[in-house]
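Q: The sequence shown begins at 1488 in our numbering and counts up by one.
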Amino acid sequence: MIIQNIEAKIRLATIVVLGSFLTSVIVAIVACSFAYREVSSAQKSIYILDNNVPIMAKQTDIEMNRPAEYRADVDLFHSLFFSLTPDDKYIEYQLKKAMYLIDESGVEQYNNLKENGYFNSILSSSSVLSLQTDSIILDMPRHYFRYYGKLNIDRRSSTVTRSLITEGYLKDIPRSDNNPHGVLITNWKTLENKDLEDVQKNTF
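1. Need the endpoints of the beta strand (DSSP E) that SER1614 sits in, please.
2. Could you spell out where the alpha helix (DSSP H) holding ASP1575 opens and where it closes?
3. Can you find the residues in the same chain that come closer than 7 Å, C-beta to C-beta, to SER1650, ignoring five residues on each side of it along the sequence?
4. Give the secondary structure of ALA1500 by DSSP, where H, G and I count as helix, E and B as strand, and everything else as coil.
5. According to the neighbour-count rule (16 or more other Cβ atoms, all chains shown, within 10 Å of its Cβ), is ARG1558 buried or exposed?
6. For THR1547, which residues from the same chain have a beta carbon less than 6 Å from its beta carbon, with the 5 sequence-adjacent residues on both sides left out?
7. Just the C-alpha distance for ALA1544 and LEU1563, rounded to the nearest angstrom, thanks.
8. Just to confirm, are SER1645 and VAL1686 a CB contact at a threshold of 8 Å?
9. Would you check if the distance between the CB atom of THR1648 and the CB atom of HIS1565 is smaller than 8 Å?
10. Does the contact criterion of 3 or more C-beta pairs under 8 Å hold for the segment 1609–1623 versus the segment 1564–1583?
11. How many whole angstroms separate the CB atoms of TYR1656 and ASN1639, which I take to be in contact at a CB cut-off of 8 Å?
12. Does the distance from the C-beta atom of GLU1602 to that of PHE1632 stay below 8 Å?
13. State the beta-bridge partners of ASN1680 as determined by DSSP.
14. Below 8 Å CB to CB, which residues in the same chain sit around PRO1554 once its five sequence neighbours on both sides are set aside?
15. I'd like the span of the alpha helix (DSSP H) that includes GLY1636, first residue to last.
16. So LEU1600 is in the alpha helix (DSSP H); what residue range does that whole segment cover?
17. So, at 8 Å on beta carbons, what are the nonlocal neighbours of ALA1515 in its own chain, with the 5 sequence-adjacent residues on each side left out?
18. For TYR1634, does the count of other Cβ atoms within 10 angstroms reach 16, so buried, or fall short, so exposed?
19. Can you give the Cα-Cα distance for TYR1577 and ILE1672, rounded to whole angstroms?
20. Suppose the cutoff is 8 Å on Cβ atoms and the five residues either side in sequence are ignored; what does the same chain contact list for THR1677 look like?
21. Find out if the Cβ-Cβ distance for the pair TYR1587, ASN1689 is shorter than 8 Å.
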C-alpha cells in the first residue's frame, strides 16, 4: 500500500513537472512571437523632431510604393528628354539629367536625333517643346511599361501637336542623387511619334 502511494506520488510529480515545462515553453514561444512583432513594428516607425518634440511617422512597404515610383521615373525621364527650349545649354542640361535614368538605348536615340539635326532645328526655329503625359501602363511581373503622351511644338509659324508612344523595361538599381527612384529604363523604343495637328499662326 505504501509502495503504491509512493508510485502514485511519483507519477503525479512527473505529470506536474512535465506540465509545468510544457507551459513554460508555450509561454516563452508566445512571448518571443509577441516581442518579434513589436520589434518589427517599431522598425517601421520613424520619429521626426519638431521643435524637440518627437513625432512618429510610419514607414511604408517599398513594394507598395514601387508602381508609383516606376510611373514617376518614366514620367520624369520623358519630360527631361522631350520638354526643351531653344537654348543649347538648357538642352544639354536636360538630356544630361535624363541619361542618368536610362541605359544605352537612350544614348542611342539621343545620338540619332543629334545626327539628324533634331536639336539644331529646335534652335534655328526657336521652338519650345512641352510634353503632356496621358498615361503610363505598367506590367509589374515583366517590369515593362508603355508611355502615352502628347508633344506640343510651338514654333514661330505654327503649333504642332504630336502623339508620342514609347515602351521599355524597368530595372531596380541603388538610389542616388541623380536617380532618386532607383530605377533604370532599359531597351527604350519609340513606337509612335506622328503629327496630330498643325495649326498655322498669323504672321501679320
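The beta carbon of each residue, even a glycine, is placed where N, CA and C say it ideally should be.
A: From the atom records:
1. No beta strand (DSSP E) contains SER1614, which DSSP labels as neither H nor E.
2. Per DSSP, ASP1575 belongs to the alpha helix (DSSP H) from 1575–1586.
3. Contacts found: LYS1637, GLU1679, LYS1681, LEU1683.
4. The answer is helix: DSSP assigns ALA1500 an H, G or I state.
5. Buried is the call here.
6. Reliability fails at THR1547, whose pLDDT of 48 lies under 50, so the model's placement of it is uncertain and the value that follows must be treated cautiously. Around THR1547: no qualifying Cβ.
7. The predicted model places ALA1544 with a pLDDT of 49, which falls under 50 and marks its position as unreliable; any figure quoted below should be read in that light. Rounded to the nearest angstrom, the two C-alpha atoms are 27 Å apart.
8. Between SER1645 and VAL1686, the C-beta spacing is below 8 Å.
9. Not a contact, by the Cβ cut-off of 8 Å.
10. The answer is yes - the segment 1564–1583 touches the segment 1609–1623, with three or more Cβ pairs under 8 Å.
11. About 28 Å separates the two Cβ atoms, so there is no contact after all.
12. Cβ atoms of GLU1602 and PHE1632: not closer than 8 Å.
13. The bridge partners DSSP lists for ASN1680 are LEU1651.
14. Here the set comprises LEU1625, MET1627.
15. No alpha helix (DSSP H) contains GLY1636, which is instead part of the beta strand (DSSP E) from 1631–1641.
16. Counted as a single uninterrupted DSSP element, the alpha helix (DSSP H) harbouring LEU1600 occupies residues 1591–1602.
17. Nothing meets the Cβ criterion.
18. With 16 or more other Cβ atoms inside 10 Å of its own Cβ, TYR1634 counts as buried.
19. Going by C-alpha positions, TYR1577 is about 22 Å away from ILE1672.
20. When the five nearest sequence neighbours on each side are left out, the beta carbons in the same chain lying within less than 8 Å of the beta carbon of THR1677 are those of GLN1596, LEU1651, ILE1652, THR1653, in order along the chain.
21. Their beta carbons are not under 8 Å apart, which means TYR1587 does not touch ASN1689 by this criterion.
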